[in-house]
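Take a look at the structure below.
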Amino acid sequence: MIPEIGQYALILALLVALTQGTLPLIGAHRGDADWMALARPASFAQFLFVATAFGCLTHAYVTSDFSVLNVAQNSHTAKPMLYKISGVWGNHEGSLLLWALILAVYGLAVGAFGTNLPAPLRAHVLAIQALVSVGFLAFTIFTSNPFERLDPAPLNGSDLNPLLQDPGLAFHPPFLYLGYVGFSMAFSFAIAALLEGRVDAAWARWVRPWTLTAWCFLTIGIAMGSWWAYYELGWGGFWFWDPVENASFMPWLAGTALLHSAIVCEKRDALKSWTILLAIITFSLSLLGTFLVRSGVLTSVHAFATDPTRGVFILGFLVFVVGGSLLLYAVRAPAMKTGGLFAPISREGSLVVNNLLLSTACATVFLGTMYPLFLDALGGDKVSVGAPYFTGTFAPLMTPLLMLTAIGPMMSWKRADLPGVLGRLKLALIAALAVAVLIWAFTSGSSPLPAFGIGLAAWLIAGALTGLAERMKLGRAPLRESWNRAVHLPRSAYGMAIAHAGLGVVLAGIVASQSWQAESIQLMRAGDVAEVAGYEFKLLGVRQEQGPNYESQRAEILVTENGDMVARLFPEKRHYPVQDMPTTEAAIHSTWFADLYAVIGDENPHDGDGSSWNTRIYHNPLVPWIWLGGIVIMIGGAISLSDRRHRVGAPTRARRLRTTAAEAA
Amino acid sequence: MQISQLRFVLPVAVFAVVAAALGVGLTLDPKRVPSPLIDKPVPEFSLPPVTEEGEGLASTDLQGQVTLVNFFASWCVSCQVEHPLLNRLTEEDIVPVYGINWKDEPANALRWLKALGDPYARKGSDVSGRVGIDWGVYGLPESYLIDRHGRIAYKHIGPITERDLDNTILPLIERLRG
Chain A
1 MIPEIGQYAL ILALLVALTQ GTLPLIGAHR GDADWMALAR PASFAQFLFV ATAFGCLTHA
61 YVTSDFSVLN VAQNSHTAKP MLYKISGVWG NHEGSLLLWA LILAVYGLAV GAFGTNLPAP
121 LRAHVLAIQA LVSVGFLAFT IFTSNPFERL DPAPLNGSDL NPLLQDPGLA FHPPFLYLGY
181 VGFSMAFSFA IAALLEGRVD AAWARWVRPW TLTAWCFLTI GIAMGSWWAY YELGWGGFWF
241 WDPVENASFM PWLAGTALLH SAIVCEKRDA LKSWTILLAI ITFSLSLLGT FLVRSGVLTS
301 VHAFATDPTR GVFILGFLVF VVGGSLLLYA VRAPAMKTGG LFAPISREGS LVVNNLLLST
361 ACATVFLGTM YPLFLDALGG DKVSVGAPYF TGTFAPLMTP LLMLTAIGPM MSWKRADLPG
421 VLGRLKLALI AALAVAVLIW AFTSGSSPLP AFGIGLAAWL IAGALTGLAE RMKLGRAPLR
481 ESWNRAVHLP RSAYGMAIAH AGLGVVLAGI VASQSWQAES IQLMRAGDVA EVAGYEFKLL
541 GVRQEQGPNY ESQRAEILVT ENGDMVARLF PEKRHYPVQD MPTTEAAIHS TWFADLYAVI
601 GDENPHDGDG SSWNTRIYHN PLVPWIWLGG IVIMIGGAIS LSDRRHRVGA PTRARRLRTT
661 AAEAA
Chain B
666 MQISQLRFVL PVAVFAVVAA ALGVGLTLDP KRVPSPLIDK PVPEFSLPPV TEEGEGLAST
726 DLQGQVTLVN FFASWCVSCQ VEHPLLNRLT EEDIVPVYGI NWKDEPANAL RWLKALGDPY
786 ARKGSDVSGR VGIDWGVYGL PESYLIDRHG RIAYKHIGPI TERDLDNTIL PLIERLRG
């Protein structure tokens, strides 16, 4: 009964979305206030219906209703409650429903809090949002129905893939989708602007907080995904340039560019058509990501069950949304008033360079991801593009961008004094060089690249701090005045500095873990000690244990440093009987400066007196900084989001809600 | 149209190309659609063993009987998903499974096989990925059914599921054995 309610709710949501996507649009075209006003209650109704459907599916999972095909295929009574709930979106159909729900939540937010938007703009935005919803709801209902029944119902389900039964991966999709779908807001605003033929500073002010919200979520979503790859795959790697990883990274790069170009749009009333194009591209890349994962065009570690009819549907949808909006752009954008020219050495000039580098980087990732497909489509050879291409093209593009990250924010609008800016960054430059030289001295004989990388990271952090100190006039004015300035500095200034510094933290983590990882593989008997990077790892023993839906061999390893206890590690080897699948659970002890990482392998029972085990132990320097930095970046974004000036576009209530949501992330 | 307006058309033009490629890709690639290598002899190759003492794998090994060639790597998550099924194929003696360890550290691959079981009758190490390119491997896992004459009969992209095995692969093996 309850799954049928979900099914009906989903169909009703589609009908509401169709209404919301057409009538207000016509209303805005004709200037009919009543028709335009329809969008607001429709957005409420749409949320209500999609949330009902989502609630029904969750209910089916929580109660293990195996008469629902989707539940039978992806759940099991013995599965812990957390994974029963995360199982709702751990499959193709349910994840689409989650996508539709998040889309409805964003629509609801505009409907509820966008009361101070001009009526035609609000009608346009809500209608475009609804049209995107139509696509996703229709896709769900017609090709991927999560409520399909199974008769007779099996006694138990076939369980969720054990690799997905992991806290890191349980919450990775919701954050990723909050990011992907969040970019639909910038997209809807961009299309609305094209339809109205008008972009002004106020428009940019409305777009910025939405983009920032989506971007924060996407940042944390990507960080979670890479964290999962790090501890679940167990080779100490955290990014594999896999097509689906790239699919989430491309919208992030484009979204980062959008974030920065919208600033120019707001402050200098320039780069308008470029900002609109970026908004379209960012969301298009989010949609493309969905296409790549679900169509079977590219296969990857994350691929959901693929199905050609689904591929055709998504391609059609993609052509309609992306092709349609780019066509609209081609027709309407030339008529937009272009902003004035500006000097290359200025804040806006540096933001243009930022945009150039970010979009080029995005294009290289795009090319690397799609190249095999293009070549295949042309009937050419089958090729694969791997990490060497990406690191070879990406790093050279990122290096100047990161160098500029410290300089750009110090420049003034309109015309900046470059020697002056560099002079004020003297301390940061000295600090960065000192760090680089020190590192190189300590790692003498090896490549200077790691030293350069860490130096660059120090430059980013020191540069961000210098930027703040400058604005406080620290050291150049009496302390009291500096304090006053610090208190009154806009939060967005702190947010930016924190986010830029976070980038430095991430970079340091990447460089150090890539350059100085220590690895040790050995056979160990209970009582044996392995020494890695100055730590002693003593295997105390291995015990057989029973988990809720798995059996486990759990080792206990005592880690000491010069006799002082550091940590107890419990690496596990699990076996999930329902799917007959083993998983390796690495044990990780994080200090602030490194991860101690232990994995237990096979048992050799006939090895002299008593069993011995294969163990792998890693010392990964600075690797926690990668995710720590990701969190710092996200916090920077959230602080910036709480800035008073970002609230102009929406009333205070909306702001507060959105920031708490972002902070909770 | 003026030249200056052309740049506004450029995005939609680029997208048209991308969409066309995606459309063609959709018809080319999904599992049921044959790879250009179907019914062609397997590309010639000779790979060193993954272990020092093992046997390695060469195209000449794929003659005379129906075999399944599976590309795998320790860094590939989906490979772990299909691995129990490959183990079963070997345990129950359904079809000989040959492995090509693609773009992987042999040491990692060995540990991986130790942990998950080793279903491969023979396996070769393709560290550079060169042989995989000849086979048209794009992402892992990929599996190929080879007929008695050493020709590629079927290509499977992505992890083999229970359903793939029952509906496609096992019937095809029966047919190839004739």
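Just so you know, the protein sequences line up as chains A and B, in that order. Take the first sequence: its position 296, counted from the start at 1, is 296 in the numbering used here, and no numbers get skipped. Take the second sequence: its position 115, counted from the start at 1, is 780 in the numbering used here, and no numbers get skipped. Where is the CB? At the ideal position from N, CA and C, for every residue including glycine.
Exclusion of the five residues before and after A/Phe147 leaves Pro3, Gly6 and Gln7 as the residues of its chain whose Cβ lies within less than 6 Å of its Cβ.
C-alpha of A/Ser286 to C-alpha of A/Met524: approximately 47 Å in a straight line. A/Ser552 places its beta carbon less than 8 Å from that of A/Glu572. Apart from sequence neighbours up to five positions away, the residues of its chain that approach A/Ala451 with a beta-carbon distance below 6 Å are Ala436, Ile439 and Trp440, ordered along the chain. Counting only the Cα atoms, A/Lys538 lies some 6 Å from A/Gly527. With a cut-off of 8 Å on Cβ pairs, the segment 764-776 of chain B is in contact with the segment 786-799 of chain B, counting three or more such pairs. Along the segment 69-88 of chain A, none of the residues has a CB nearer than 7 Å to a CB of chain B. In this chain, the alpha helix (DSSP H) harbouring A/Lys426 covers Lys426 to Phe442. Under the Cβ criterion (8 Å, minimum of three pairs), the segment 472-488 of chain A does not count as touching the segment 499-510 of chain A. When beta bridges are read from the DSSP output, B/Tyr809 appears opposite B/Val734 and B/Lys820. Closest in alpha carbon position to A/Pro400, among A/Ser412, A/Asp417, A/Leu358 and A/Ala387, is A/Leu358. A/Leu137 carries a helical assignment under DSSP once its states are collapsed to helix, strand and coil. The Cβ of A/Leu163 sits closer than 8 Å to at least one Cβ of chain B. Boundaries of the alpha helix (DSSP H) harbouring A/Lys84: Met81 to Ser86, taken from the DSSP string. Within the DSSP secondary-structure output, A/Glu536 pairs in a beta bridge with A/Glu531 and A/Thr560.
About 7 Å separates the CB atoms of A/Leu460 and A/Leu507; that is less than 8 Å, so the two are in contact. Here A/Arg568 is exposed. Its C-beta has fewer than 16 other C-beta atoms within 10 Å. The three-state reading of DSSP puts A/Arg476 in coil, since its state is none of H, G, I, E or B. Secondary structure of A/Met336 (DSSP, three-state): coil. Within the segment 579-604 of chain A, contact with chain B at the beta-carbon level (separation under 7 Å) is assigned to Asp580, Met581, Pro582, Thr584, Gly601 and Asp602. Residue-level contact by beta carbon holds for B/Leu781 and chain A, with a gap shorter than 8 Å. Counting only runs of 4 or more residues that sit fully inside the segment 53-126 of chain A, the alpha helix (DSSP H) segments are 69-74, 81-86 and 92-113, in chain order.
A/Ile430 and A/Trp625 have their C-alpha atoms roughly 23 Å apart. For the pair A/Leu97 and A/Thr140, the CB atoms are nearer than the 8 Å cut-off. For the options A/Ser95, A/Gly453 and A/Met411, the alpha carbon positioned closest to that of A/Ala395 is the one of A/Gly453. Measuring C-alpha to C-alpha distances from A/Ile557 to each of A/Pro577, A/Trp613 and A/Pro582 identifies A/Trp613 as the nearest.
DSSP, reduced to helix, strand and coil, places A/Met524 within a strand of the structure shown. B/Pro708 has a beta carbon lying at 8 Å or more from every beta carbon in chain A. Assigned with DSSP and collapsed to three states, A/Asn156 falls in coil, not helix or strand.
Assigned with DSSP and collapsed to three states, A/Met250 falls in helix.
A Cβ-Cβ contact shorter than 8 Å links A/Ile281 with A/Ala254. A/Ser226: member of the alpha helix (DSSP H) spanning Ala201 to Leu233, first to last residue. A/Gln544 carries a strand assignment under DSSP once its states are collapsed to helix, strand and coil.
Rounded to whole angstroms, A/Arg149 and A/Arg616 show a C-alpha spacing of 46 Å. Taking C-beta atoms as the reference points, B/Val707 and B/Asn735 fail to come closer than 8 Å. In the DSSP assignment, A/Pro582 falls outside any alpha helix (DSSP H) and lies within the beta strand (DSSP E) extending over Met581 to Glu585.
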